[in-house]
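J.: These protein sequence lines are chains B, W and G, in that order. The numbering of the first sequence is this note's numbering, which starts it at 58 and goes up by one. The numbering of the second sequence is this note's numbering, which starts it at 33 and goes up by one. The numbering of the third sequence is this note's numbering, which starts it at 121 and goes up by one. A single structure is presented below for examination.
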Amino acid sequence: MRKRLVAACTAVAAFGLLAAGCSSGSASSGGGSAAASSGGHVTLTYWNGFTGPDEPAVTALVKQFNQSHPNITIKMSVMPWDVFYQKLLPAFAAGTGPDIAAMDTEQLPQYATKNVFLPLTSYYANAANDTSSLVPAAAAASEVNGTQYGVPANFAPLMLYWNKKLFAAAHISGPPQNWAQWQADVVKLSHGGSSPQYGMALAENNTIAMWPILLWENGGGITNQAATQSMLSDPGTVGAVTQWSQLILKDGIAPQNITGAEADTLFQAQKAAMEMNGPWATTGYQQAGVDFGLAPIPAGPKKSVTLADVVSMSINAKDSPAQVSAAETFLTWWSSKSSQTYYAVHTGFVPTTTSVTAADLAANPDVAQFEAVSGEAQAYNLGTQYTNIETNTWEPAIEKILQGANVASTLDGANTQVNGYLGG
Amino acid sequence: MRSATDTPVQIPAAEVRPPRRRARRGILSTGWALAVGIAAALIIVFPLVWVFASSIKPENEIITAHPGLFSLSVTGSNYVQAWDAIDFPRLFLNTVIFAGGVTILSLAFDSLTAYALARLDFPGRNVIFVLVLVTLMLPFQVNLVPLFLFLNDLHWLNTYQGLILPRATNAFGIFFLRQFFMSIPKELEDAARVDGASEFRIYRTVVLRLSVPALLTLGLFHFMYNWNDLLWPLIVSTNSSMYTLSSGLALFLGQHVIEYGLVMAGSVLAIVPMVVAFLIIQRRFTESIATSGLR
Amino acid sequence: MPTSSTGPFTGSTARRRALVARVSGPFATRTRRRRLLTAYAFMLPSLVIMALFMFYPLIRAAWLSLTNYSFFGASQFIGLGNYTHLLHDPQFWGDLGNTAYYAAVTTPVSVILALGLALLLNRRRLPARGLLRAAIFLPAVVSLAVAAIPFRLLFTPSIGLITYWLGALGIHATDWLDSTTLAMPAVIIVGIWKNVGFYMVIYIAGLQTIPAEFYEAARIDGASTWQRFRLITLPLLSNTTMFVTIISLIASFQAFDQIYVMTQGGPAFSTETLVMLIYREGFQNFSMGYASAIGYVLVLIILLFSLLQMRFFNRRAIRY
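Written as structure tokens, this is what we have:
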């Protein structure tokens, strides 16, 4: 036993060292320190969280870029978003950050203000980069305090998914056009009992922003658009929260406190008749056999608006000029008509460039519908205090309200907390 | 301190029971034990059975309004897709190297340390033991960033040694083996000591041979824990070709869409080797007890 | 079988004198020094690795806890500022309560269930013993983060299999993970489910070191099952029990994986534990200094409880 143990030990150690020696041992060459360029060839590292069904399309596009640009190689590293956020700052602190990083624009301000990303003012000013054909809402989402820090990687407005079968069963002819119809419809489509059905799957944590849309449409919001002042005690906000929380608590139109993933599963299982969701869900719902329609979010009392969910790509502030130039080439290529058409058709995201027409998207008709509402799309921006406001204040507040707490006082408490974070 | 030299049982004569009734009760109680055992096993295994059942269903039947455990339409497509999507052979190799390397090194180092703590009397022994325990209490998140920065300074990120060496010894293993060593009767060692054997020889020939069940158990635990470790390989490697199976699985969890069928199939693929390993060790376990000469 | 004749203090005066001579005097000093060197030689690999990869980062984290480090920008030394802040932080106290709740339920239940199952499945004549043990051990083989996904699905209101079956039986059991009162029991159940098989296997290893002769002798003397358990099994398992209880308590205090996947600490922070707070403060709020301080407080708490447990068990330990 002992001899075998020693032998095994030695073997593993030897193998380990051998493998390490000829393995892909060297860490990513990022951070501008040793610009990995030899004779003009630049290698860039690109970190993102495009896991799941998004991944094949992104990988294919990066491969296409590498093949068509012999002097540039992009080495992409995909990891789950939470791991991504866990590693990013430590990696930057250690000088091994990626050359290009994709990130949710809601998170971008926190990183931009730490000066890890390069301001892209000159990139946007350069007409050769054709940034004027970017969808305005998508491009604006990566602005932090007026300075551009990113180029959109993907762009997704939300629409109202509605289940045609459940609507027909409730004798409702079509999707609601405004809040009055919407609120009436959700009640009609909900029934409790041992196998409940919900009028809408409304998620409030770990989700794309659904509640903020409701707040905006009533003239309220979590903060003002510049994220300098809390709006949680505004009448528009309080009104929206009161109306919809009452519907949930009294009429059971939605389960209390569900995550985005749970909302998706409810709609997919046809236990919820409506859901506000992005274009990524169409394939899954189709495969699940859900007969759904897409409609713009019903117009609110004050506004008709939807969410612009944007992931943008930023460049490492420490990159050398050669690396920056190569990265900018990639960003421009990514935003080109052919790349975006491929991406949109294969993933369902709306193209980030206006040069793609509906005809180009014929292979994926749902995308065209989403593109049609991109004009009303608004980015969810909470500035540098995103985590403090969203995770530490807003989500617990709405969770408590949905468990029966008093709306006005809970929102007042949250309002004070948010203003505290914003430096009020 | 109570010692085993006290007679463990003092039974008044009035409690003696006739043997015949005990034999019949033996069968009854075995039957009852079996029933409870089966019930417990079924309840515990249920979620994993559900994972397996879901992995062979088409995706649209996993999330449905009328859920059932098994479905009539059985499909292997999830497995095929999962295998292709994550370069299974490469990740499998990485996981074996990682988990295997850690296990072997850890067994060696842990048992050496545990022997010192259990059998050698030296000043500072209790302090060292407490220090070892303290490492067990560290939440991983506290050490994460400083450790990452340190590994980076050593240029050990994205390497096998960076992955394996920080895990090559383990307070859990040391603690476990120390307890085990302490419960082995001392006569054999004392006899060897009186004969003038060195401590290392005693360790090697006496203690290790008697500890085979514990070493097997611990080896299995180490292997299993590192086989399933999601976060550590993701932190140490940025190169997805260095990922392990569990980390690779995490890539199926998309930001917006979770492909449940793939996740389930991938999970089954990752679990099966561990289950097989356990079943093998389980049998050797009992064998080594029989041949250890302890009873 | 251990007897009393090997102890150093029984036997003749001459032997005792010889022994005393052995433990003092010049020979003894050399022996003691040699013993010390031998001991450290044994422990060297482990100590080196621990020093480099556990203690050094720990000390660095200690330094961080005295600053307001947040990855970039000016990192100032603020002394005990983080520690005083956490004493006044309602989030810290709330999470401490959650952690205590989790540990107070998970640990005893896991340990007792594990012991019960070990006794059950250690009986020699039980058919399919190996298979049952493997089944109960199975959750330990699965990664918790991945196992939590089916649990989340199974408990999802109205489409989860469990809630569906319960609904079919007329039990309207919804909102496990969405209720501030039921979410914690749900993650506790998953925590127990995950580890009970693991502790059971450790107990089985311990049970198998108890010589069968003891039970034979007791049975011949007419001891009942309960007496055999109380007077033989329990005492001789005390090393194992101490181990399992300490490990279980440490694991409970560090509960993270399934909570992260199932509830993310919600709803309304009702399932957030201290480790999750460390994660949130460190990696979402970027307050690494503050997170390190919380980490240290947690380590101190765990250390305190573990020392208490060790003192408790040492008094009852069996030494051969």
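For every residue, glycine included, the Cβ atom is placed at its ideal position computed from N, Cα and C.
(1) Report all residues from its chain with a CB closer than 7 Å to the CB of leucine 101 of chain W; omit the five preceding and five following residues, and keep chain order.
(2) Starting from the N-terminal side, write out each stretch of the alpha helix (DSSP H) that is 4 residues or longer and does not extend beyond the stretch 143 to 181 of chain W.
(3) Three-state secondary structure (DSSP) at serine 3 of chain W?
(4) So with CB distances below 8 Å, who are the chain G contacts of glutamine 460 of chain B?
(5) What does the Cβ neighbour count give for threonine 178 of chain B, buried or exposed, with the cut at 16 atoms within 10 Å?
(6) Report the residue from B:Gln300, B:Thr162, B:Asn334 and B:Leu468 whose alpha carbon sits nearest the alpha carbon of histidine 288 of chain W.
(7) Strictly below 8 Å CB to CB, what residues from chain W border serine 134 of chain B?
(8) Let me know the secondary structure DSSP gives glutamate 261 of chain B once reduced to three states.
(9) Can you have a look at leucine 468 of chain B and say buried or exposed, based on whether 16 or more other CB atoms are within 10 angstroms of its CB?
(10) Let me see if you follow: with CB-CB separation under 7 Å, is asparagine 242 of chain G close to chain W or not?
(11) Name the chain B residues that come within less than 8 Å of phenylalanine 2 of chain W, Cβ to Cβ?
(12) Look up isoleucine 129 of chain B in the DSSP assignment and give the residues it is bridged to.
(13) Just tell me which of B:Ala434, B:Leu439 and B:Leu118 has its CA closest to the CA of asparagine 202 of chain B.
(14) Tell me which residues share the same chain as serine 185 of chain G and place their Cβ nearer than 7 Å to its Cβ, disregarding the 5 neighbours each side in the sequence.
(15) Round the Cβ separation of lysine 360 of chain B and tryptophan 273 of chain B to the nearest angstrom and send it over; I've been treating them as touching at under 8 Å.
(16) Could you tell me whether the Cβ of valine 475 of chain B comes closer than 7 Å to any Cβ of chain W?
(17) What does proline 155 of chain W reach in chain G if we use C-beta pairs closer than 8 Å?
(18) Using only CA atoms, which one of G:Ile308, G:Tyr189, G:Pro270 and G:Ile312 lies nearest to threonine 322 of chain B?
(19) Would you say phenylalanine 204 of chain W lies against chain B (beta-carbon separation less than 7 Å)?
(20) How is serine 299 of chain G classed by DSSP in three states: helix, strand or coil?
(21) DSSP state of leucine 289 of chain G, grouped into three classes?
(22) Looking at chain W, is there any beta carbon in it that lies within less than 7 Å of the beta carbon of arginine 180 of chain G?
(23) Measure the beta-carbon distance from phenylalanine 175 of chain G to leucine 146 of chain B and round it to whole angstroms, keeping in mind my assumption that it falls under 8 Å.
(24) To the nearest angstrom, how far is it from the Cα of tyrosine 323 of chain G to the Cα of leucine 354 of chain G?
(25) Can a CB atom of chain W be found closer than 7 Å to the CB of valine 395 of chain G?
(26) Going along the chain, which residues of its own chain have a beta-carbon closer than 6 Å to the beta-carbon of serine 27 of chain B, five neighbours each way excluded?
(27) Would you call the stretch 128 to 145 of chain W in contact with the stretch 249 to 264 of chain W, where contact means no fewer than 3 C-beta pairs closer than 8 Å?
(28) Note down the Cα distance separating threonine 393 of chain G from serine 273 of chain W, rounded to an integer number of angstroms.
(29) With DSSP run on the structure shown, which of helix, strand or coil describes glycine 100 of chain W?
(30) Give me the subset of the stretch 67 to 100 of chain W whose CB atoms are less than 7 Å from a CB atom of chain B, sorted by chain position.
(31) If you draw a straight line from the alpha carbon of glutamate 261 of chain B to that of serine 189 of chain B, how long is it in whole angstroms?
(32) Determine, using beta carbons only, whether leucine 330 of chain W comes closer than 7 Å to chain B.
(33) Can you give me the start and stop residues for the alpha helix (DSSP H) that asparagine 220 of chain B sits inside?
(34) Measuring alpha carbon to alpha carbon, tell me which residue in W:Thr167, W:Val68, W:Leu277 and W:Gly293 is nearest arginine 249 of chain G.
(35) Measure from the C-beta of asparagine 218 of chain G to each C-beta in chain B and report whether the shortest distance is under 7 Å.
(36) My output table needs one value for leucine 285 of chain W: the three-state DSSP class, helix, strand or coil.
T.: A quick look at the data gives this:
(1) Numbered from its first residue, the second sequence carries residue 101 of chain W at position 69. Cβ contact annotation for leucine 101 of chain W (same chain, cutoff 7 Å, sequence separation greater than five): Trp82 and Ala85, in chain order.
(2) The stretch 143 to 181 of chain W contains these whole alpha helix (DSSP H) runs: 157 to 169.
(3) Given that chain W is displayed from residue 33 to residue 327, the structure contains no residue 3 of chain W and the question cannot be resolved.
(4) By 1-based counting over the first sequence, the position of residue 460 of chain B is 403. Under the 8 Å cutoff, chain G gives Ser299, Thr300, Pro387 and Ala388.
(5) Within the first sequence, numbered from 1, the residue matching residue 178 of chain B stands at position 121. The residue is exposed, with fewer than 16 neighbouring Cβ atoms inside 10 Å.
(6) On the second sequence, residue 288 of chain W is found 256 positions in, with the first residue counted as 1. Here the closest residue by C-alpha is B:Asn334.
(7) As a working note, residue 134 of chain B is residue 77 in the first sequence. Chain W residues near serine 134 of chain B: Thr270, Asn271 and Ser272.
(8) Position 204 of the first sequence holds residue 261 of chain B. The answer is strand: DSSP assigns glutamate 261 of chain B an E or B state.
(9) Taking the first residue of the first sequence as 1, we reach residue 468 of chain B at position 411. Label assigned to leucine 468 of chain B: buried.
(10) In the third sequence, counting from the first residue as 1, residue 242 of chain G sits at position 122. No, no contact with chain W.
(11) Since the first residue shown for chain W is 33 and the last is 327, residue 2 of chain W is missing from the structure and cannot be characterised.
(12) Counting from 1 along the first sequence, the entry for residue 129 of chain B is found at position 72. According to DSSP, isoleucine 129 of chain B bridges with B:Val99.
(13) Counting from one through the first sequence, the residue named residue 202 of chain B turns up at place 145. Checking every option, the nearest Cα to that of asparagine 202 of chain B belongs to B:Leu439.
(14) Here residue 185 of chain G is taken as the residue at index 65 of the third sequence, counted from 1. So the qualifying residues of the chain are Asn202, Gly409, Ser412, Ala413 and Tyr416.
(15) Start at 1 with the first residue of the first sequence, and residue 360 of chain B comes out as number 303. Start at 1 with the first residue of the first sequence, and residue 273 of chain B comes out as number 216. Indeed, because the Cβ distance is near 6 Å, the residues count as touching under 8 Å.
(16) Here the question's residue 475 of chain B lines up with position 418 in the first sequence. Chain W contact via Cβ: absent.
(17) If you number the second sequence from 1, residue 155 of chain W lands on position 123. Near proline 155 of chain W (Cβ distances below 8 Å), the residues of chain G are Leu156.
(18) As a working mapping, residue 322 of chain B is identified with position 265 in the first sequence. The option with the nearest alpha carbon to threonine 322 of chain B is G:Pro270.
(19) What you label residue 204 of chain W is simply residue 172 of the second sequence in a count that begins at 1. By this cut-off, phenylalanine 204 of chain W is not an interface position.
(20) Working through the third sequence from its first residue, we reach residue 299 of chain G at position 179. Coil at serine 299 of chain G, not helix or strand.
(21) The sequence position of residue 289 of chain G within the third sequence is 169, counting from 1. Leucine 289 of chain G falls in the coil class under three-state DSSP.
(22) Along the third sequence, one-based indexing puts residue 180 of chain G at 60. Cβ-Cβ to chain W under 7 Å: yes for arginine 180 of chain G.
(23) To locate residue 175 of chain G, count along the third sequence from 1; it is residue 55. To locate residue 146 of chain B, count along the first sequence from 1; it is residue 89. Going by Cβ atoms, the distance from phenylalanine 175 of chain G to leucine 146 of chain B rounds to 24 Å, so no, they are not a contact pair.
(24) Your numbering for residue 323 of chain G matches position 203 in the third sequence. Your numbering for residue 354 of chain G matches position 234 in the third sequence. Spanning the two alpha carbons is a distance of roughly 11 Å.
(25) Counted from its first residue, the third sequence places residue 395 of chain G at position 275. At a cut-off of 7 Å between C-beta atoms, valine 395 of chain G counts as an interface residue with respect to chain W.
(26) Any property of residue 27 of chain B remains undetermined from this structure, which presents chain B solely from 58 to 481.
(27) The stretch 128 to 145 of chain W makes contact with the stretch 249 to 264 of chain W; the number of CB pairs closer than 8 Å reaches 3 or more.
(28) As a first step, residue 393 of chain G is located in the third sequence; it is residue number 273 there, counting from the start. As a first step, residue 273 of chain W is located in the second sequence; it is residue number 241 there, counting from the start. Cα to Cα, the separation comes out at about 34 Å.
(29) Locating residue 100 of chain W in the second sequence gives position 68, where the first residue counts as 1. Collapsing the DSSP output to three states places glycine 100 of chain W in coil.
(30) Listed by position, the residues of the stretch 67 to 100 of chain W near chain B (Cβ gap below 7 Å) are Glu91, Asn92, Ile95, Thr96 and Ala97.
(31) Numbered from its first residue, the first sequence carries residue 261 of chain B at position 204. Numbered from its first residue, the first sequence carries residue 189 of chain B at position 132. The alpha-carbon atoms of glutamate 261 of chain B and serine 189 of chain B are separated by roughly 35 Å.
(32) With chain W covering 33 to 327 only, the question about residue 330 of chain W has no answer from this structure.
(33) Looking up residue 220 of chain B in the first sequence gives position 163. Per DSSP, asparagine 220 of chain B belongs to no alpha helix (DSSP H); it is in the beta strand (DSSP E), 216 to 220.
(34) For the purposes of this step, residue 249 of chain G is taken as residue 129 along the third sequence, with counting starting at 1. Of W:Thr167, W:Val68, W:Leu277 and W:Gly293, the residue nearest in Cα terms is W:Val68.
(35) Against the third sequence, residue 218 of chain G aligns to sequence position 98. Using a CB distance cut-off of 7 Å, asparagine 218 of chain G does not count as an interface residue toward chain B.
(36) Taking the second sequence and counting its residues from 1, the one referred to as residue 285 of chain W is at position 253. In the three-state reduction of the DSSP assignment, leucine 285 of chain W falls in the strand class, which pools E and B.
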